[in-house]
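Here's the structure, in C-alpha coordinates; my notes come after.
In UniProt numbering, the protein residues as written are 1 to 116.
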(Lines of atoms letter the chains of each structure in order from A and count residues from 1; the text may use other names and numbers.)
(Lines give C-alpha, C1' and ligand atoms only; values in the text may rest on other atoms or scores of the structure.)
Protein backbone atom coordinates (compact mmCIF):
# COMPACT_ATOMS: atom_id res chain seq x y z
CA UNK A 1 0.00 0.00 0.00
CA UNK A 2 2.87 2.32 0.79
CA UNK A 3 4.42 1.56 -2.59
CA UNK A 4 1.15 2.45 -4.31
CA UNK A 5 0.89 5.70 -2.37
CA UNK A 6 4.46 6.58 -3.32
CA UNK A 7 3.80 5.87 -6.99
CA UNK A 8 0.63 7.97 -6.98
CA UNK A 9 2.40 10.81 -5.20
CA UNK A 10 5.45 10.70 -7.48
CA UNK A 11 3.32 10.44 -10.59
CA UNK A 12 4.88 7.21 -11.82
CA UNK A 13 2.04 4.76 -12.11
CA UNK A 14 1.70 1.64 -14.16
CA UNK A 15 3.25 1.35 -17.57
CA UNK A 16 0.02 0.27 -19.27
CA UNK A 17 -0.02 3.21 -21.65
CA UNK A 18 3.62 2.71 -22.66
CA UNK A 19 2.96 -0.97 -23.37
CA UNK A 20 -0.12 -0.12 -25.42
CA UNK A 21 1.71 2.50 -27.45
CA UNK A 22 4.57 0.10 -28.16
CA UNK A 23 2.22 -2.70 -29.22
CA UNK A 24 0.62 -2.47 -32.69
CA UNK A 25 -3.14 -2.16 -32.57
CA UNK A 26 -5.10 -4.19 -35.09
CA UNK A 27 -8.72 -3.44 -35.79
CA UNK A 28 -10.93 -5.82 -37.76
CA UNK A 29 -13.45 -3.81 -39.78
CA UNK A 30 -15.45 -6.90 -40.74
CA UNK A 31 -16.60 -7.67 -37.19
CA UNK A 32 -16.96 -4.44 -35.20
CA UNK A 33 -17.76 -4.95 -31.53
CA UNK A 34 -19.27 -1.48 -31.19
CA UNK A 35 -21.16 0.76 -33.61
CA UNK A 36 -18.62 2.22 -35.99
CA UNK A 37 -18.39 6.00 -36.40
CA UNK A 38 -19.51 7.51 -39.70
CA UNK A 39 -16.01 8.31 -40.93
CA UNK A 40 -15.12 4.59 -40.93
CA UNK A 41 -18.19 3.72 -42.98
CA UNK A 42 -17.34 6.40 -45.54
CA UNK A 43 -13.77 5.16 -45.80
CA UNK A 44 -14.88 1.56 -46.23
CA UNK A 45 -17.28 2.50 -49.02
CA UNK A 46 -14.48 4.12 -50.97
CA UNK A 47 -11.67 1.58 -50.68
CA UNK A 48 -10.29 2.68 -54.03
CA UNK A 49 -8.48 5.42 -52.13
CA UNK A 50 -5.88 3.78 -49.86
CA UNK A 51 -5.20 7.10 -48.12
CA UNK A 52 -8.79 7.26 -46.90
CA UNK A 53 -8.57 3.69 -45.60
CA UNK A 54 -5.32 4.50 -43.81
CA UNK A 55 -6.86 7.62 -42.35
CA UNK A 56 -9.86 5.66 -41.10
CA UNK A 57 -7.56 3.06 -39.55
CA UNK A 58 -5.48 5.74 -37.84
CA UNK A 59 -8.59 7.46 -36.52
CA UNK A 60 -9.89 4.16 -35.17
CA UNK A 61 -6.55 3.50 -33.47
CA UNK A 62 -6.63 6.99 -32.01
CA UNK A 63 -10.12 6.37 -30.62
CA UNK A 64 -8.91 3.15 -29.02
CA UNK A 65 -5.92 4.93 -27.46
CA UNK A 66 -8.18 7.69 -26.14
CA UNK A 67 -10.48 5.08 -24.60
CA UNK A 68 -7.51 3.33 -22.99
CA UNK A 69 -6.16 6.59 -21.61
CA UNK A 70 -9.59 7.53 -20.23
CA UNK A 71 -9.88 4.14 -18.53
CA UNK A 72 -6.38 4.58 -17.08
CA UNK A 73 -7.30 8.04 -15.75
CA UNK A 74 -10.48 6.69 -14.16
CA UNK A 75 -8.60 3.82 -12.55
CA UNK A 76 -5.93 6.19 -11.24
CA UNK A 77 -8.58 8.49 -9.80
CA UNK A 78 -10.28 5.55 -8.09
CA UNK A 79 -6.96 4.41 -6.61
CA UNK A 80 -6.16 7.93 -5.42
CA UNK A 81 -9.56 8.09 -3.72
CA UNK A 82 -8.91 4.76 -1.99
CA UNK A 83 -5.49 5.90 -0.81
CA UNK A 84 -7.03 9.13 0.46
CA UNK A 85 -9.74 7.18 2.32
CA UNK A 86 -7.13 4.93 3.92
CA UNK A 87 -5.05 7.95 4.96
CA UNK A 88 -8.14 9.62 6.42
CA UNK A 89 -9.04 6.45 8.34
CA UNK A 90 -5.46 6.27 9.63
CA UNK A 91 -5.79 9.70 11.23
CA UNK A 92 -8.85 8.54 13.18
CA UNK A 93 -6.94 5.69 14.88
CA UNK A 94 -5.83 5.95 18.47
CA UNK A 95 -2.13 5.55 19.23
CA UNK A 96 -2.80 2.13 20.76
CA UNK A 97 -4.59 0.85 17.65
CA UNK A 98 -1.78 2.22 15.47
CA UNK A 99 0.74 0.27 17.55
CA UNK A 100 -1.30 -2.93 17.19
CA UNK A 101 -1.64 -2.40 13.45
CA UNK A 102 2.12 -1.78 13.12
CA UNK A 103 2.93 -4.95 15.08
CA UNK A 104 0.64 -7.00 12.81
CA UNK A 105 2.16 -5.38 9.72
CA UNK A 106 5.66 -6.23 10.96
CA UNK A 107 4.61 -9.84 11.62
CA UNK A 108 3.08 -10.21 8.16
CA UNK A 109 6.16 -8.61 6.59
CA UNK A 110 8.50 -11.05 8.33
CA UNK A 111 6.30 -14.00 7.29
CA UNK A 112 6.22 -12.85 3.67
CA UNK A 113 9.95 -12.26 3.45
CA UNK A 114 11.09 -15.25 5.52
CA UNK A 115 13.32 -17.71 3.67
CA UNK A 116 11.57 -20.94 2.79
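The C-beta atom is built at its ideal place from N, Cα and C for all residues, glycine as well.
Measure the alpha-carbon distance for residue 114 versus residue 97 and round it to whole angstroms.
26 Å
Within a Cβ cutoff of 8 Å, which residues of the same chain sit near residue 108, ignoring the five residues on either side of it in sequence?
none
Here's the rule: buried if 16 or more other CB atoms are within 10 angstroms of the residue's CB, otherwise exposed. What is residue 71?
exposed
Count the other CB atoms, across all protein chains shown, that sit within 10 Å of the CB of residue 56; report buried if there are 16 or more and exposed otherwise.
buried
Within the continuous alpha helix (DSSP H) that includes residue 111, where are the two ends?
95-113
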